[in-house]
Amino acid sequence: MFPLYTRVCNFANYRVPFSKFLIRVLRYFQVHLCKVNPFGLSRINHFEISCRALDQRPDLDVFRHFYEFITAGDWYTFAHWKGIPSPSGDERSSLKNWKDSFFWLDDHCLPVEMVWRFKDQTMSFDLGEDFVFNKGLARALIDNKSPIRPLPEHLLLWGRVCFS
């Protein structure tokens with residue numbers, strides 16, 4: 012069992028079952044869902060929905076082009092790389108009391124074994140000079156940037172991040 016904070020559901024727009032793209036990102040960065048703060052999770056979800064709005068599949072390499080995986084206190088998050096235009100606008104800088112309410116989920120809610128990352132583990136996810144990504148998709152996401160915010164249920168269904 013693991014905790015899922017309710018703010019992850021309403022601020023970051025997550026529902027169970029989780030999308031394949033979210034699982035792909037978490038597996039790549041070797042971190043458990045419950046160790047990423049709502050800001051990081053909202054960036055994953057916003058990226059996925061934005062790609063689908065452009066009729067494109069979410070691309071992990073394009074996500075890595077925009078976001079770096081960092082520690083944020085006792086949590087992990089995805090922060091915008093400095094010097095790279097953001098695919099999102101008008102982001103909140105704080106979310107008060109986001110840890111005030113949670114519920115327990117069974118491990119079977121996750122389709123794969125999630126890794127528990129510890130602070131003393133090295134994190135080397137830098138992009139090398141030979142890093143290749145879909146520049147067309149990256150440009151389209153920048154040109155069509157939108158704010159990160161809670162979305163109505165029908166948009167989550169349309170964006171294929173909710174399957175109820």
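Heads up: the sequence shown runs through residues 12 to 175, numbered per the numbering used here.
Cβ atoms here follow ideal geometry from the backbone N, Cα and C, with glycine treated the same way.
- Taking C-beta atoms under 8 Å as the contact rule, Y78 and A90 qualify, at a distance of about 7 Å.
- Only buried fits E59, as 16 or more other CB atoms lie within 10 angstroms of its CB.
- Annotation: the segment 27 to 60 contains the following complete segments of the alpha helix (DSSP H) (minimum length 4 residues), in chain order: 31 to 40.
- DSSP places F77 in the helix class (H, G or I) of the three-state scheme.
- Collapsing the DSSP output to three states places G147 in a helix.
- Your pair M12 and L168 does not check out as a contact, with CB atoms roughly 27 Å apart and the cut at 8 Å.
- Taking the C-beta atoms as reference points, F113 is found nearer than 8 Å to P14.
- For the 8 Å CB-CB criterion, L148 and V47 do not form a contact.
- If you check the CB distance, L52 and A23 come in under 8 Å.
- In this structure, L162 sits away from S61, with a CB-CB distance that is not shorter than 8 Å.
- The C-beta of F40 has 16 or more other C-beta atoms within 10 Å across all chains shown, which makes the residue buried.
- Taking each of D85, R68, G100, I55 in turn and checking the Cα distance to K156, the smallest one comes out for G100.
- Bridge pairing for L15: F114 [DSSP].
- Per DSSP, W86 is not a residue of any alpha helix (DSSP H); the beta strand (DSSP E) it occupies stretches across 86 to 91.
- Following the DSSP letters along the chain, one finds E124 in no alpha helix (DSSP H), marked with neither H nor E.
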